[in-house]
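Here is the structure we will look at, set down as structure tokens.
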Amino acid sequence: MPIDTYAAQVQSIENLTHDVRRLDLRLIEPESINFKPGQFVSFEMPDPQSGRLLTRAYSIASQPSRSGVITLLFNLVSGGPGSGFLFHLKEGEKTQFKGPAGHFYLR
Numbered sequence: 804m805p806i807d808t809y810a811a812q813v814q815s816i817e818n819l820t821h822d823v824r825r826l827d828l829r830l831i832e833p834e835s836i837n838f839k840p841g842q843f844v845s846f847e848m849p850d851p852q853s854g855r856l857l858t859r860a861y862s863i864a865s866q867p868s869r870s871g872v873i874t875l876l877f878n879l880v881s882g883g884p885g886s887g888f889l890f891h892l893k894e895g896e897k898t899q900f901k902g903p904a905g906h907f908y909l910r
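Numbering of the sequence shown is given in my numbering, commencing with residue 804 and proceeding in unit increments.
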């Protein structure tokens, strides 16, 4: 599977605990994603300290049959640029990611 760049909009956010969040991203362009269970997507964000561009990967938690929306489950890591970036996204906000990637998937 090729790794593509996707534009998405935050469809819904659910706080599962004080530091664990469920994030549903509705795909805008392209409008669907084909992935296998166990694959992940990557987000780029600036490092708050150095300004360098960082990449952080997050496993897709949704079913492959739900191709227009992907779900991410993640916990807030103190000082973590990736989880901090995702944790501060708001409903309706747009973002982008790359994927799907990973060869450790259900066969």
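Heads up, the beta-carbon is just placed ideally off N, CA and C, and yes, glycines get one too.
What is the rounded straight-line gap between the Cα of residue i and the Cα of residue j?
i, j, result
"P840", "R825", "17 Å"
"L892", "V813", "7 Å"
"S881", "I873", "25 Å"
"A904", "L830", "17 Å"
"M848", "F888", "7 Å"
"E894", "S815", "6 Å"
"H821", "G883", "16 Å"
"S870", "T808", "15 Å"
"Q866", "L857", "27 Å"
"E817", "F877", "11 Å"
Ignore the nearest five residues each way along the sequence and tell me which others in residue i's own chain have a CB closer than 7 Å to its CB.
i, result
"F890", "R824, L879"
Here's the rule: buried if 16 or more other CB atoms are within 10 angstroms of the residue's CB, otherwise exposed. What is residue i?
i, result
"F900", "buried"
"R859", "buried"
"F846", "buried"
"D850", "exposed"
List the whole-angstrom C-beta distance separating residue i from residue j, where the pair is believed to meet the contact cut-off of C-beta under 8 Å.
i, j, result
"F843", "S862", "5 Å"
"A864", "E832", "With 8 Å as the limit, A864 and E832 do not qualify as a contact, their Cβ atoms being about 22 Å apart."
Beta strand (DSSP E) segments (min. 3 residues) lying fully within the region 854-883: As far as the region 854-883 is concerned, its whole beta strand (DSSP E) runs of at least 3 residues are 856-862, 872-878.
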